[in-house]
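Asks: Sharing a structure below in C-alpha cells format, with a few things to ask.
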Amino acid sequence: MKSNSLTNEQEVSSLEVGELYIRYKAYAFSIAYRMLGSVVEAEDIVQDCFAELQSKPLNDIRNPKSYIARLVVNRSLNLLNSARNQRESYVGEWLPEPMSVGEIANIPEETMQQKEMISYAYLVMLEQLSSMERAVFVLREAFQYEYTEIADWLGKSESNCRQIFSRARRKLPDRLPPMEQSSDNYAAKEQLLARFTTAFLNYDVSEMLDLLAEQPVFTADGGGRVHTVMRTMRVRKGVLALLTSRRVLTRLREREWVPTVINGESHFALLENGRLSEVLCLELDSLGERIEGFYLVVNPDKLTSVSTT
Numbered sequence: 019m020k021s022n023s024l025t026n027e028q029e030v031s032s033l034e035v036g037e038l039y040i041r042y043k044a045y046a047f048s049i050a051y052r053m054l055g056s057v058v059e060a061e062d063i064v065q066d067c068f069a070e071l072q073s074k075p076l077n078d079i080r081n082p083k084s085y086i087a088r089l090v091v092n093r094s095l096n097l098l099n100s101a102r103n104q105r106e107s108y109v110g111e112w113l114p115e116p117m118s119v120g121e122i123a124n125i126p127e128e129t130m131q132q133k134e135m136i137s138y139a140y141l142v143m144l145e146q147l148s149s150m151e152r153a154v155f156v157l158r159e160a161f162q163y164e165y166t167e168i169a170d171w172l173g174k175s176e177s178n179c180r181q182i183f184s185r186a187r188r189k190l191p192d193r194l195p196p197m198e199q200s201s202d203n204y205a206a207k208e209q210l211l212a213r214f215t216t217a218f219l220n221y222d223v224s225e226m227l228d229l230l231a232e233q234p235v236f237t238a239d240g241g242g243r244v245h246t247v248m249r250t251m252r253v254r255k256g257v258l259a260l261l262t263s264r265r266v267l268t269r270l271r272e273r274e275w276v277p278t279v280i281n282g283e284s285h286f287a288l289l290e291n292g293r294l295s296e297v298l299c300l301e302l303d304s305l306g307e308r309i310e311g312f313y314l315v316v317n318p319d320k321l322t323s324v325s326t327t
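The numbering of the sequence shown is this note's numbering, which starts it at 19 and goes up by one.
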C-alpha cells in the first residue's frame, strides 16, 4: 500500500498559501470531517490550519499536502479531546452532522484523488472509536497513509499505531458500511426509499417488517433542543413497534418528505411549512434490499449544512 501523500504528488512548496488553499481545502476538510463528524468544526479546523501556514516559510515544507494533513489531524485530535466532557454530557444520543453534497461543490478535480464525501453510516460507525483510534483508522483505512508516516504525525511508534489500528478494527463490525454509495445503487435505493415512505406514512406493519434487516438500529439526536426518542433501539421487534406506533414519531408523518442527496447518498429531508425540520438517513444491508440503520437528526444545530434546493 503506497502512501497517499506520495502518490502522483509534485513538489509545490513554491505555491502561495492561497493556491494551497484552493488545491487542498477539500482534502483537508475531508480529513477533519471524518475525524470530528461536524461540518462546522471541520471548517474551523481547515481555516485555522491555513491561517497557521501563512506564518510559516513554505519553502521549508517539502510536501505541503502531507504537512496540511498532519496539521488537520492533530488539531482535530486536540478538539476531540477537549470536547470529550461536552459530548459525555450531551442530552440523548449523539449523531454526526449530515451535509449536502453541495457543500463540496466546485472542488478542483486535482484535489479529488479520492472521493471527498463519506457515507453517513460510515461516519456513524466511526463514533465507536476513541479519538486516537479514530485518527489512526481514518488515516490508514480512508487515506491509505503508511504506518511510519502516521506514527510520525501522532508522536507514536509504528508498532503502537499498528496495535491501535487493530484495536479499532476489532471494535467495528465485520462488514464495514461502504464509504460511498455506488452510482449503480441509486435507482434501487430510490425504490426502497419510496417503499419505506409509503409503509411508514400508512402504519403498514407487514411492509415495514419486510423492509427491516434482522438487526436494525434506530437512533435519534435531538440534543436536548427537540423532544425525540432518547435511547437507541436495537431490537427488530422494538424498531418495528417504534416505526409503526401511532403515538411515537407522529409529527414525522405531518412533514413533507423530500429525497435529498446527503453525504453523497439518497436520504430524506423532512420539511415543515417548507423549512427543514429533520433529516433521516437510512443504512442498507450488503445487498441493498433491507434497512439496517435509521438515523434521525432533529437537533437544529446539526441541520445547517443540509440544503433542499
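We treat Cβ as the ideally placed atom computed from N, Cα and C, and that holds for glycine.
Along the chain, where does the beta strand (DSSP E) that runs through Trp275 open and close?
Replies: Unbroken beta strand (DSSP E) run through Trp275: 274 to 280.
Asks: Ile49 and Ala87 - do their beta-carbons sit closer together than 9 Å?
Replies: The answer is yes: Cβ separation under 9 Å.
Asks: To which residues does DSSP link Val142 through a beta bridge?
Replies: Its beta-bridge partners do not exist; DSSP assigns none.
Asks: Tell me whether Glu111 counts as near the ligand HEM, meaning its Cβ is closer than 8 Å to at least one heavy atom of that ligand.
Replies: With respect to small molecules bound, the structure shown includes none, and the ligand HEM cannot be examined in it.
Asks: So, are the CB atoms of Met53 and Leu89 less than 9 Å apart?
Replies: No. Outside cutoff.
Asks: Which residue from Thr268, Phe183, Gly242, Leu113 puts its Cα closest to that of Leu157?
Replies: Nearest of Thr268, Phe183, Gly242, Leu113 to Leu157, Cα basis: Phe183.
Asks: Pick out whichever of Pro234, Glu59, Glu37, Gly36 has its Cα sitting closest to the Cα of Gln323.
Replies: What sits at residue 323 in the sequence shown is Ser, not Gln. Considering only alpha carbons, the answer is Glu59.
Asks: Out of Thr250, Met226, Lys74, point me to the one whose CA is closest to Phe214's CA.
Replies: Minimum Cα distance to Phe214 is reached at Met226.
Asks: Does the separation of the CB atoms of Glu151 and Ala205 fall below 9 Å?
Replies: Taking 9 Å as the Cβ cut-off, Glu151 and Ala205 do not qualify as a contacting pair.
Asks: Taking the continuous alpha helix (DSSP H) assigned at Gly256, which residues delimit it?
Replies: Run containing Gly256: 254 to 262, per the alpha helix (DSSP H) assignment.
Asks: Which residues does DSSP pair with Cys299 in a beta bridge?
Replies: For Cys299, which the question treats as bridged, DSSP gives the partners Tyr313.
Asks: Taking the alpha helix (DSSP H) that Val91 belongs to, which residues open and close that run?
Replies: Run containing Val91: 82 to 100, per the alpha helix (DSSP H) assignment.
Asks: When DSSP builds the beta bridges, which residues end up paired with Leu289?
Replies: DSSP, once it has assigned bridges, lists Glu274, Leu294 as partnering Leu289.
Asks: Could you say which of Lys320, Val35, Glu167 lies nearest to Pro116 if we only look at CA atoms?
Replies: For the residues Lys320, Val35, Glu167, the minimum Cα distance to Pro116 belongs to Lys320.
Asks: Using the rule of at least 16 other Cβ atoms within 10 Å of the residue's Cβ for burial, across every protein chain shown, is Asp239 buried or exposed?
Replies: By the neighbour-count rule (16 or more Cβ atoms within 10 Å), Asp239 is buried.
Asks: Out of curiosity, what's the CA-to-CA distance linking Glu290 and Val316?
Replies: Distance between the alpha carbons of Glu290 and Val316 is about 12 Å.
Asks: Quick one: residues in its chain with C-beta nearer than 6 Å to the C-beta of Glu29, no 5 flanking neighbours on either side, listed in chain order?
Replies: The predicted position of Glu29 is uncertain, since its pLDDT is 45 and thus under 50; a value taken from the coordinates is nonetheless stated next. Same-chain partners within the cutoff: there are none.
Asks: Does the distance from the CB of Phe312 to the CB of Pro234 come in under 9 Å?
Replies: Yes. Within cutoff.
Asks: From the DSSP output, read off the bridge partner residues of Glu283.
Replies: Bridge partners of Glu283: Ile280.
Asks: Would you decide whether His285 is buried or exposed? Buried here means 16 or more other CB atoms lie within 10 Å of its CB.
Replies: Classification for His285: buried.
Asks: In whole angstroms, what separates the C-alpha of Pro114 from that of Val297?
Replies: Going from the Cα of Pro114 to the Cα of Val297 covers about 12 Å.
Asks: To the nearest angstrom, how far is the alpha carbon of Gln162 from that of Phe155?
Replies: Those two C-alpha atoms are separated by around 9 Å.
Asks: Enumerate in chain order the residues of its own chain whose CB-to-CB distance from Ser175 is below 8 Å, with the five nearest sequence positions on each side excluded.
Replies: Only Ala169 meet the Cβ criterion.
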